[in-house]
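See below for the structure under consideration.
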Amino acid sequence: MITKIILEAIVYTLLYSAFMLLLFKFQGAKRQLYNYPPAIRECAIKRGITTQEELDSNAKKNKLPGLLVMLLLSIVITCAFNKQFTFFAGFWQSYIFFNVFSLFDALVIDTIWFCHSKWWIIPGTEDMTEAYHDYAFHWKWFFLGLVTALPLSAITGEIVALIGLI
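Start counting the sequence shown at -5; every next residue gets the next number (the numbering used here).
This is how it looks when you write it as structure tokens:
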């Protein structure tokens, strides 16, 4: 069972990462700027690349769909593939999925790719090398995610349990 959950967590991570990277590719870096380190956001505002209102608007537009995809993937794996319909199953499986993705995001996407690739650089902020190499920013969100995933996992567990009642 543990091996199966690990494999499912890897599949979850790859699917959710593909969703996020496609979103980034189609929207462009400017619409994802709210995810960038504060120094880059502040620089982009000062240089007229974006506004705080635009950042806030893009964050609102993107966070809900991202959250819904996270939940949906976890629920589908737990219910459809594992045939489990209890709060506990939904909770612990989603907690594992969310945090395996978060680890992959912090290590591979952020630390290795974001911090060392021109693909993520927003035109007009090329001179912000130090800010693009802000590893602490990315890892802070990973560690906060260990805690913030708890209520999201509880919501997932409740939905899984409700599906089990149907």
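Built from N, CA and C at the ideal position, the CB exists for glycine as well.
Predicted model, so just to flag it, every value in this text is computed and none were measured.
In this model, TYR28 and LEU144 are separated by some 23 Å (Cα to Cα).
With the rule of 3 Cβ pairs closer than 8 Å, the stretch -3 to 13 counts as touching the stretch 77 to 92.
Note on geometry: alpha-carbon atoms of HIS127 and CYS109 lie some 5 Å from one another. For HIS132, the enclosing alpha helix (DSSP H) starts and ends at 129 to 159.
The C-alpha of GLU47 is placed about 35 Å away from the C-alpha of GLU152. When rounded, the separation of the alpha-carbon atoms in LEU62 and LYS40 is 33 Å. Between the stretch 120 to 138 and the stretch 67 to 74, the count of C-beta pairs closer than 8 Å stays below three; the two stretches do not touch. The C-beta distance from ALA155 to PHE91 rounds to 17 Å, too long to meet the 8 Å contact threshold. Counting only the Cα atoms, MET14 lies some 24 Å from CYS37. When secondary structure is reduced to three states using DSSP, ILE71 falls in the helix class. Scanning MET64, THR119, PHE18 for the CA closest to the CA of PHE95 turns up MET64.
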